[in-house]
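Visitor:
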Amino acid sequence: MSIAQKKIEKIIEVNGITKVFDGVTVIDNLSLGIRKGQFVTLLGPSGCGKTTLLRIIAGFEKPTEGKVYIEGAEMTDVPPYKRPVNTVFQRYALFPHLNVYKNVAYGLKIKKLDKAVIKEKVTSALKLVGLEGYDHRNVTSLSGGQQQRVAIARALVCEPSVLLLDEPLGALDLKMRKEMQSELISMHNRLGITFVYVTHDQEEALTMSDVVVVMNDGVIQQIGTPKKVYDEPSNAFVANFIGESNIISGIMPRDYRVCFLGEELECMDKGFEKNEKVDLVIRPEDINIYASDSEKGQFDGTVLRSVFKGTYYEMEIEANGYEFTVQSTKEQKIGTAVRLGIKPNGIHIMKKLRSVNEFYGEVTSENTVTFCGGEFEFDNKNGLEKGDRVKISIGFDAVTLTDDEEDGVIGANVTQSLYKGNYYQVQIYTDTDEDFYIDTQDEWDNNDRVGVKIDKEKMIVEKVEDEDEKA
Amino acid sequence: MKKLKLRFHRGYLAFPYMAVSIVFVIVPLILILIYAFTDASGAFSLESFNKFSDKGTWITMARSLIIAFLTTVLCLILAYPTALALTKIKASRRTVLLMVFILPMWINSLLRIYAVKLFFGDIAGMERGFMLTLIGMVYDFFPFMLLPIYTILTDMDKGVLEASADLGASPLETFLKVRLPLSVPGIVSGVLMVFMPTVSSFAVYDILGKDGGNAAFMDGKLFGNIVYTYFEKGYYNSGSALALALLVLILLSTVISNLITRGKTVKTGGTVS
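Residue numbers (our numbering), protein chains in the order written: chain P, 1 to 471; chain V, 472 to 744.
1) How would you list, in chain order, the residues of chain P whose beta-carbon sits under 9 Å from the beta-carbon of V:LEU653?
2) List, in chain order, every chain P residue whose beta-carbon is nearer than 9 Å to that of V:VAL833.
3) Drop a sphere of 10 angstroms on the beta-carbon of P:ILE347, count the other beta-carbons inside from all chains shown, and report buried for 16 or more, exposed for fewer.
4) State the Cα-Cα distance for the pair P:VAL211 and P:LEU163, rounded to the nearest angstrom.
5) Cβ of P:SER249 within 8 Å of Cβ of P:ASP269?
6) If the cut is a Cβ gap below 9 Å, which residues of chain V does P:ILE110 touch?
7) In the DSSP assignment, find the alpha helix (DSSP H) that holds P:ASP201 and state where it starts and stops.
8) Comparing alpha-carbon positions, which option in P:MET252, P:GLN202 and P:ASP442 lies nearest P:GLY44?
9) When you compare only the Cα positions, how much space is there between P:VAL281 and P:GLU263?
10) Does any residue of chain V bring its CB to less than 8 Å from the CB of P:ARG91?
11) Please classify V:LYS648 as buried or exposed, where buried requires at least 16 neighbouring CB atoms within 10 angstroms.
12) When you compare only the Cα positions, how much space is there between V:THR669 and P:TYR101?
13) Would you list the residues sitting across from P:ASP442 in a DSSP beta bridge?
14) What does the alpha-carbon distance come out to for the pair V:ILE560 and V:THR553?
15) So which of V:LEU693, V:MET616, V:GLY680 and V:ASP611 has the shortest CA-CA distance to V:MET597?
16) Is there a Cβ of chain V sitting closer than 8 Å to that of P:TYR197, yes or no?
17) So, is the C-beta of V:ASP690 closer than 8 Å to a C-beta in chain P?
18) From P:LYS352, P:LYS386, P:GLU358 and P:ASN357, pick the residue whose C-alpha is nearest to that of P:ASN367; which is it?
19) Alpha carbons only, please: which of P:THR140, P:ILE152 and P:VAL258 is nearest the one belonging to P:GLU273?
20) What are the partner residues of P:ASN357, as DSSP defines its beta bridges?
21) Under a CB-based cut-off of 8 Å, is P:ILE12 close to chain V?
22) Output yes or no for whether 8 Å exceeds the beta carbon distance between P:ARG35 and P:ILE57.
23) Going by DSSP, what residue range makes up the beta strand (DSSP E) through P:HIS348?
24) If the cut is a Cβ gap below 7 Å, which residues of chain C does P:ALA58 touch?
25) Who are the Cβ neighbours of P:ALA171 in its own chain at under 6 Å, not counting the five residues just before and after it?
26) Looking at the structure shown, is P:LYS420 part of a helix, part of a strand, or coil, going by DSSP?
27) Please confirm whether P:GLN90 and P:GLU167 have their CB atoms less than 8 Å apart.
28) Looking at P:LEU261: is its Cβ nearer than 8 Å to the Cβ of P:TYR322?
29) Mapping DSSP to helix, strand and coil, what is V:MET597?
30) Can you give me the start and stop residues for the alpha helix (DSSP H) that P:SER141 sits inside?
31) Is it buried or exposed, P:HIS188, if we count other Cβ atoms within 10 angstroms and call 16 or more buried?
32) Please list, in chain order, the chain V residues whose beta carbon lies closer than 7 Å to that of P:GLY107.
33) With distance defined between alpha-carbon atoms, name the residue in P:CYS372, P:LEU126, P:ALA73 and P:GLN441 nearest to P:VAL99.
34) Can you name, in chain order, every residue of its own chain whose Cβ lies under 6 Å from the Cβ of V:THR625, other than the five neighbours on each side?
35) Taking the straight line between their C-alpha atoms, what separation do you get for V:TYR699 and V:GLY710?
36) Would you tell me roughly how many angstroms separate the C-alpha atoms of P:ILE192 and P:GLY107, rounded to the nearest one?
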C-alpha cells in the first residue's frame, strides 16, 4: 500500500504532537491515527490533554511541535474555518442572537448554498435531532438537552468528514445523558461519519465507542476496543481509571505463575523476566466466593462490608491483609468467613511503570545533595566531593510524606493514589516538575499538598561521570 | 412575648442614594417643571416657550444635535477598533493599555478642554470654532464610548466565535455575523453615554468655540450655552423651558435606543438545565 492510500484510510493522523502552555507540557510527543468511520473516544481525567488534542485537530490550538493530517492533507497551520471538521462544543456555543433555524443554517449560509437547498438540509438536520418545528424558537429559551441537539444539528448539517465532540453531554442530567448517548450512537451508525469524542466518563466511553484512547498527563496510556481496554488494561493507571478493580503488587517466578499476597497462582501471562515485579489487576466480578470449608479457592477471607448496587452486591472482603472488592449476585453477611477463588483468566498481569525513583543532582557538602529543588542529607559512603554530579536512586519505600509541607525537605502535590493490596502507591509531582512514586500505608487525596522526606539510609547516590548520561 | 427584631433588609442600602437623588434630582426636576410653566410673577404661563417661535433657537438646537451626532460617530469609529484591538492583547498587558485610554478621565474635564485648546489652538495654530469644538468633544467623551464596547467585547463568549470559525466563517465573516451583532448593546450604551452629555454640553464651546454670527451656521452657541446664559442672568423661566425641551429630546433618544437593543442583551453561551 502506498503512503498516500494509507493516509486516506487514516482520516486523522497526528504525529509527534507536543503542546506547551506557559511552560507546562499538556501533550507530550503524542501520535495517533483515527480510521475513517470509527467512533473514537479520548478518555482521561481532567487535565490529561484530551480536550487540547481535540482543539488541535479542530485548529483552535497550534501544536508546539508535531503535525496534523486530515484526509491525508497536512493541516497543522490551516485555520479552523478551512478544515473539513465540525465541532460540538461542551457549552454548546450557540449563537444567542439567532433562532434555532438560523443557528443550524449558519454554516450553509457561509458556504453560500442556494436558499431552497439550505431550507431542505436544515429541516432534515432538525428532524435528525428531533427538533422539528423548533425553527423559530429562541435558542436561549431551550433546555440544555435541546440546546445540545441544536449544536449537533448545526455541526452535522455541514456534512463534515469528521465530527469532533468535546464532552458534549457533560452539562446534562443523567437521564438526558443516557438518552443522548444512544441517539449519538444511532446517528453515527446511520451517517457513517467519523466521530472523535472527548469524555472523562469511562462508562460513556465504553458504551459508545469503537476505539477508546486512554490518556493521562498528555500521554496515551492505551488504545483499544472498550472490551480490550477493560479486560486487558496495559498498566495500573488504565486499570484504575476504567472500572472497579483490585490492583495488587506481585512477582512472576516463571511464565504462567504469579505470587501475590503470600500465594502462588496460575495465570495466563508469560514473557516476563524471572522474579520480575509486576502489578496484577483482578476485576471484582472475576473473584468467586465459596463457603469457608470449600476445597475450592485460594484465599481465606472475612466479609467487612456489603452494599447492594441494584443488580449485584459489592463487598469488601479481607484476605491475607488485602481488602478485595468483590461483586456477586449473592449476598454474604458481614463477618462471614469465606473462601475466595480467582481463575487464571481473571488475573491480568501488567508491567510495573517504574520500580525506583531516579533523579540527577549535585553534591553540596560532605553529607548533603541537592535535587528536585531541595537539599537532602545522605550517607556519603563513597567519598563524594562537593560539586560532583550524581544520580540518586530512591526506593518506593524510602520516601515519607508529611501532612505539613514545612515538615518535609521539599513540597509536592499528590497526583494519584492507587491501592496495591496492603499499601497505597502514591504518585506526587514536585514543584520542579518531577514525579515520585511512594509506597505508603496511608491514603492521600489527589491535589493534597505534602512535604517529602527521604530516608538517608535507603538513598543510593552514585557519581555520574559522563555528562550525556544526565539527559 | 415576641422579641422585637430589627431585621436588615438589602433594600435599606438604597436609602442614602434615594436621599441624594431626592435633593439633587427629583426636587430640581420639579422646580424646572414649575419654572418652565410659570412667568416671573409665579402665575401659570406658556410664555417661556415663546423662545421656540424664534428661528435662532431651532438653529442652535440643530447645531447642538449635529455636533453631538458627529462627536458620537467619531467616538464610535475610534473606539470600536481600539476596543477590538485591546481584546486581542494578553490580559496582563491589556489592563495597562486600557489605563492609557482611561487616564484622561482622572483629570478634570475643564483642564482637558484647556489642554486641547493649548495643543490644537496655540501650538498647532487652529482657530477657535466648529472644528476645534468637535475635537474637544471627541477627546472629552471618548472613554465613555470605549469602556462599554471594551467590556462587551472582552466578556463575549469565545466559544461562540470559535463555533463560527468552526462552521467555515472567515475572520471577517465571524466579525460581521457574530461579533458585531453581539456587541450592539455595548455600542448603544456607548452612544447614549456620549450623545447625552454632548448635546447639553456648554463648557467645550465656551473654551473652544466661536460665535460666527448669523452667517456661519456651524460656528455658534450650543443649546447648553443658551440654557446656561439664561440661568446665569436670572431668567429661570426661559432657562427651565429650554432645559425641559432638552430633557425631552434626551428621553426620546433613550427610548429609541432601548427599542433597538430590546431582546438583544441576551446571555451568550449555553445554560445548564
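The C-beta atom is built at its ideal place from N, Cα and C for all residues, glycine as well. Here the structure is a predicted model, which means the values were calculated and not measured.
Guide: Reading it off the structure:
1) Stepping through the second sequence from its first residue, residue 653 of chain V is reached at position 182. Under the 9 Å cutoff, chain P gives PHE95, PRO96 and HIS97.
2) Outside the displayed range of chain V (472 to 744) lies residue 833 of chain V, so it cannot be described from this structure.
3) On the first sequence, position 347 is the one that residue 347 of chain P refers to. Buried, by the Cβ-count rule.
4) Start at 1 with the first residue of the first sequence, and residue 211 of chain P comes out as number 211. Start at 1 with the first residue of the first sequence, and residue 163 of chain P comes out as number 163. The straight-line gap from Cα to Cα measures roughly 15 Å.
5) For the purposes of this step, residue 249 of chain P is taken as the residue at position 249 of the first sequence. For the purposes of this step, residue 269 of chain P is taken as the residue at position 269 of the first sequence. For P:SER249 and P:ASP269, no; Cβs fall outside 8 Å.
6) Residue 110 of chain P sits at position 110 when you count from the first residue of the first sequence. The contacting residues are SER635, LEU638, GLY639, ALA640, SER641, GLU644 and LYS648.
7) Here the question's residue 201 of chain P lines up with position 201 in the first sequence. No alpha helix (DSSP H) contains P:ASP201, which DSSP labels as neither H nor E.
8) As a first step, residue 44 of chain P is located in the first sequence; it is residue number 44 there, counting from the start. Ranking P:MET252, P:GLN202 and P:ASP442 by Cα distance to P:GLY44 puts P:GLN202 first.
9) As a working note, residue 281 of chain P is residue 281 in the first sequence. As a working note, residue 263 of chain P is residue 263 in the first sequence. Their backbone Cα atoms lie some 15 Å apart in a straight line.
10) Within the first sequence, numbered from 1, the residue matching residue 91 of chain P stands at position 91. Closer than 8 Å to some Cβ of chain V, the Cβ of P:ARG91 qualifies, so yes.
11) Position 177 of the second sequence, counted from the start, is the residue given in the question as residue 648 of chain V. So V:LYS648 counts as buried.
12) What you label residue 669 of chain V is simply residue 198 of the second sequence in a count that begins at 1. What you label residue 101 of chain P is simply residue 101 of the first sequence in a count that begins at 1. About 42 Å.
13) Start at 1 with the first residue of the first sequence, and residue 442 of chain P comes out as number 442. P:ASP442 is not bridged to any residue.
14) In the second sequence, residue 560 of chain V corresponds to position 89, counting from 1. In the second sequence, residue 553 of chain V corresponds to position 82, counting from 1. So the alpha carbons of these two residues sit roughly 11 Å apart.
15) Here the question's residue 597 of chain V lines up with position 126 in the second sequence. Nearest of V:LEU693, V:MET616, V:GLY680 and V:ASP611 to V:MET597, Cα basis: V:GLY680.
16) Counting from one through the first sequence, the residue named residue 197 of chain P turns up at place 197. So no, P:TYR197 is outside the interface.
17) The sequence position of residue 690 of chain V within the second sequence is 219, counting from 1. Judged by the 8 Å Cβ criterion, V:ASP690 is not in contact with chain P.
18) Residue 367 of chain P sits at position 367 when you count from the first residue of the first sequence. The option with the nearest alpha carbon to P:ASN367 is P:LYS386.
19) Here residue 273 of chain P is taken as the residue at index 273 of the first sequence, counted from 1. The residue with the shortest Cα to Cα distance from P:GLU273 is P:VAL258.
20) For this step, residue 357 of chain P is matched to residue 357 along the first sequence. P:ASN357 pairs with P:ILE394.
21) Residue numbering aside, residue 12 of chain P sits at position 12 when the first sequence is read from its first letter. With 8 Å as the cut-off, P:ILE12 does not count as an interface residue toward chain V.
22) Counting from 1 along the first sequence, the entry for residue 35 of chain P is found at position 35. Counting from 1 along the first sequence, the entry for residue 57 of chain P is found at position 57. Taking 8 Å as the Cβ cut-off, P:ARG35 and P:ILE57 do not qualify as a contacting pair.
23) By one-based count along the first sequence, residue 348 of chain P stands at place 348. Where P:HIS348 is concerned, the enclosing beta strand (DSSP E) stretches over 347-351.
24) Among the protein chains in the structure shown, which are P and V, there is no chain C.
25) As a working note, residue 171 of chain P is residue 171 in the first sequence. Answer for P:ALA171: GLY144, listed in chain order.
26) By one-based count along the first sequence, residue 420 of chain P stands at place 420. Correct three-state label for P:LYS420: coil.
27) Within the first sequence, the letter at position 90 stands for residue 90 of chain P. Within the first sequence, the letter at position 167 stands for residue 167 of chain P. Yes; because the gap between Cβ atoms is below 8 Å, this pair is in contact.
28) Along the first sequence, read from residue 1 onward, the residue named residue 261 of chain P stands at position 261. Along the first sequence, read from residue 1 onward, the residue named residue 322 of chain P stands at position 322. Yes. Within cutoff.
29) Position 126 of the second sequence holds residue 597 of chain V. Residue state, collapsed to three classes: coil.
30) Position 141 of the first sequence holds residue 141 of chain P. First-last for P:SER141: undefined, no H or E at that position.
31) Residue numbering aside, residue 188 of chain P sits at position 188 when the first sequence is read from its first letter. So P:HIS188 counts as buried.
32) Sequence index remark: in the first sequence, residue 107 of chain P carries index 107 (1-based). Here the neighbours are LEU638 and GLY639.
33) For the purposes of this step, residue 99 of chain P is taken as residue 99 along the first sequence, with counting starting at 1. Here residue 99 of chain P is Asn; the residue named in the question, Val, does not match the sequence. Taking only the C-alpha atoms, the option nearest P:ASN99 is P:LEU126.
34) As a position in the second sequence, residue 625 of chain V is number 154, starting the count at 1. For V:THR625, where only same-chain residues beyond five positions count, the Cβ hits under 6 Å are THR558.
35) The residue given as residue 699 of chain V occupies position 228 in the second sequence. The residue given as residue 710 of chain V occupies position 239 in the second sequence. Going by the C-alpha atoms only, they are around 7 Å apart.
36) Against the first sequence, residue 192 of chain P aligns to sequence position 192. Against the first sequence, residue 107 of chain P aligns to sequence position 107. Reading the sequence as shown, one finds Gly at residue 192 of chain P and not Ile. Cα to Cα, the separation comes out at about 20 Å.
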